[in-house]
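Position one of the sequence shown corresponds to residue 5 (my numbering), numbered consecutively onward. Every residue gets a Cβ at the ideal spot worked out from N, C-alpha and C, and that includes glycine.
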Amino acid sequence: MITEAHLKKTFSSFKIRNYRLLWVSDCLQAWAEYMELLVLSWLILEISSSPLLVGLYGALRFMGTIMAPGFGVIVDRFDRKVLLILVRGSFLLNAGLILSITFIGTLGTVAILVMGSLLGISKTFDMVIRQSILPAVVGDKNLNNGVALARAGGDVTQMIGPVIGGIVLAFLNVKASYGIIVGLYFLSFFCAMNIGRISPNQSLRNLKVLNNIKAGLKFVNQTPVIAALLALAVIINLATFPIYFGLLSVLAKEVFNSTASGLGFMMGTYSLGALVGSLFAGGRNSSGKIGRLAVVGAFLWSGTIILLALASNFVVSLPILFIAGLGQSICVVAIAMMLLSLTPDHLRGRVMGLRQLAVYSLPLGLLVSGTIAEIVGVRTAIFVDGLLGVLLVTVCFMVWPDILK
């Protein structure tokens, strides 16, 4: 039974003004991103009918992760609020350019891939900033709660963004869809501008990027649990995230013969499960064996992906997608909670930069999955991803058993 005390604990971070503004800014941006993902993935399929190109687009959205360690050094050195405003402005600029192209002429595959690459750089920098800035906004006492609520907000927008994007695209056009996307990015930028003063970072004495990256790597090497969490992050990005960011659109269109709005409901159902998982994780505290939560979530996520490959139709896929989303959020929130709580403030930018570097396995997973789907079919590609996830997670906690403690 959910008590009043539990509810207060679950939503305690909302008492902080800066957190409310950051949360709203994050949600608006995530809403725009998920609409954009659906619209452009569907448009590529309409133009080319190529799962490989859909996988390539998804990969390019994350190619900036190779620069994540360098971004982590910058975040540890400079004013985090200013950096947040600049990167949120870059999203607005990118979407504005795409909207302009749609009015000037036809938005083609090449333009989508180029803009996806630029978005990938901004996306990586933004994720390093937002994860590093969170502890300074909420404080150590509310850190786990702040992480979980931030993820829950992303899950809500991940749920409604694709649904609205699919409906608008199905009944209107790309121009109308991108008008909404640009508006959401603008509101996100406006909220970031209004965030109050954030406590400054401890200054880095050595501004050489390579030396500071080495300091972050040294901390990871000396902290086995951090190493295990980063390895788990690599695994989920390689084997499980490609489903949402690439293969789901192919499954909807080519196997279930669904429309863009149908894909939106599939993605929304997945995100509803993720929202429930985030709220569940938000009620946990540091004594709740968060490491075990991360591993259980990863197994649940990978196992349901195998079931998704066997789903006979659109309706059967929905409860499976719900459970997959539940597992995803439990796993991802637990990883974020542990990384932020176990890392000193002056190293958080660099460690979160390494966390984002783990996302570099997602483009690889998208390209491999897209190639398998192109050659032997999307069901086989999804099954291989789920099986790979189960096997690699098993290896992870066998190599680093401390993660379970």
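Three CB pairs or more closer than 8 Å across the stretch 260-280 and the stretch 138-149: no
Are Ile310 and Leu391 touching if we call contact CB-CB under 9 Å? Here the question's residue 310 lines up with position 306 in the sequence shown. Here the question's residue 391 lines up with position 387 in the sequence shown. Closer than 9 Å, so yes.
Which residue marks the beginning of the alpha helix (DSSP H) containing Ser61, and which one marks its end? Start at 1 with the first residue of the sequence shown, and residue 61 comes out as number 57. The residue asked about is misnamed: residue 61 is Tyr in this sequence, not Ser. First-last of the alpha helix (DSSP H) with Tyr61: Pro55 to Leu64.
Are the CB atoms of Val254 and Val114 nearer to each other than 9 Å? Reading the sequence shown from its first residue, position 250 is the one you call residue 254. Reading the sequence shown from its first residue, position 110 is the one you call residue 114. No, these two residues do not count as a Cβ contact at 9 Å.
On the criterion of 16 or more Cβ atoms from any shown chain inside 10 Å, does Ile108 qualify as buried, or is it exposed? For the purposes of this step, residue 108 is identified with residue 104 of the sequence shown, where counting begins at 1. Classification for Ile108: exposed.
Option in Gly369, Tyr189 and Val229 with minimal Cα separation from Leu344: By 1-based counting over the sequence shown, the position of residue 344 is 340. Nearest option by C-alpha distance: Val229.
Quick check on Leu314: buried or exposed, where buried means 16 or more other Cβ atoms within 10 Å of its Cβ? Taking the sequence shown and counting its residues from 1, one reaches residue 314 at position 310. So Leu314 counts as exposed.
For Asn149, name the three-state secondary structure that DSSP assigns. Residue mapping note: residue 149 aligns to position 145 of the sequence shown, counting from 1. Note: Asn149 maps to helix in three-state DSSP.
Nearest-angstrom Cβ-Cβ length linking Pro246 and Leu366, presumed shorter than 8 Å: Within the sequence shown, residue 246 is the residue found at index 242, counting from 1. Within the sequence shown, residue 366 is the residue found at index 362, counting from 1. Yes, they are in contact, since the Cβ atoms of Pro246 and Leu366 sit about 7 Å apart, within 8 Å.
Could you please give the first and the last residue of the uninterrupted alpha helix (DSSP H) stretch that includes Asn198? Position 194 of the sequence shown holds residue 198. Unbroken run through Asn198: none, as it is neither H nor E.
Val319, buried or exposed, once every other Cβ within 10 Å from all chains shown has been counted against 16: Counting from 1 along the sequence shown, the entry for residue 319 is found at position 315. Under this definition Val319 is an exposed residue.
What does a CB cutoff of less than 8 Å around Thr106 pick up in its chain, not counting 5 residues either side in sequence? Residue mapping note: residue 106 aligns to position 102 of the sequence shown, counting from 1. For Thr106, where only same-chain residues beyond five positions count, the Cβ hits under 8 Å are Val178, Lys179 and Tyr182.
Through-space distance from Ile171 to Asn261, alpha-carbon basis: What you label residue 261 is simply residue 257 of the sequence shown in a count that begins at 1. What you label residue 171 is simply residue 167 of the sequence shown in a count that begins at 1. Rounded to whole angstroms, Asn261 to Ile171 spans 16 Å at the Cα level.
Please name the residue in Tyr23, Val397, Asp83 and Leu368 whose C-alpha comes closest to that of Gly250. Counting from one through the sequence shown, the residue named residue 250 turns up at place 246. If we check each option's Cα against that of Gly250, Leu368 comes out closest.
Is it a yes or a no for the stretch 23-41 touching the stretch 153-163, going by three-plus beta-carbon pairs under 8 Å? yes
Buried/exposed call for Thr410, threshold 16 Cβ in 10 Å: What is shown of the chain runs 5 to 409, which leaves residue 410 out entirely.
By alpha-carbon positions, which one of Val336, Phe175, Arg354 and Leu60 ends up nearest to Ala298? As a working note, residue 298 is residue 294 in the sequence shown. Nearest of Val336, Phe175, Arg354 and Leu60 to Ala298, Cα basis: Val336.
Can you tell me whether Leu176 is helix, strand or coil according to DSSP? What you label residue 176 is simply residue 172 of the sequence shown in a count that begins at 1. Of the three classes helix, strand and coil, the one that applies to Leu176 here is coil, per DSSP.
I'd like the list of long-range same chain contacts for Gly393, defined as Cβ closer than 6 Å, with 5 residues on each side in sequence excluded. For the purposes of this step, residue 393 is taken as residue 389 along the sequence shown, with counting starting at 1. Closer than 6 Å at the Cβ level, and outside the excluded window around Gly393, lie Ala243, Thr244 and Ser306.
Suppose the cutoff is 8 Å on Cβ atoms and the five residues either side in sequence are ignored; what does the same chain contact list for Ser321 look like? Taking the first residue of the sequence shown as position 1, residue 321 is located at position 317. For Ser321, where only same-chain residues beyond five positions count, the Cβ hits under 8 Å are Leu255, Phe260, Met270, Leu312 and Ala315.
What does the alpha-carbon distance come out to for the pair Leu56 and Gly62? To locate residue 56, count along the sequence shown from 1; it is residue 52. To locate residue 62, count along the sequence shown from 1; it is residue 58. Taking the straight line from one Cα to the other gives about 10 Å.
Beta carbon of Ala362, beta carbon of Val238: below 9 Å? The residue given as residue 362 occupies position 358 in the sequence shown. The residue given as residue 238 occupies position 234 in the sequence shown. Cβ distance < 9 Å, so Ala362 and Val238 count as in contact.
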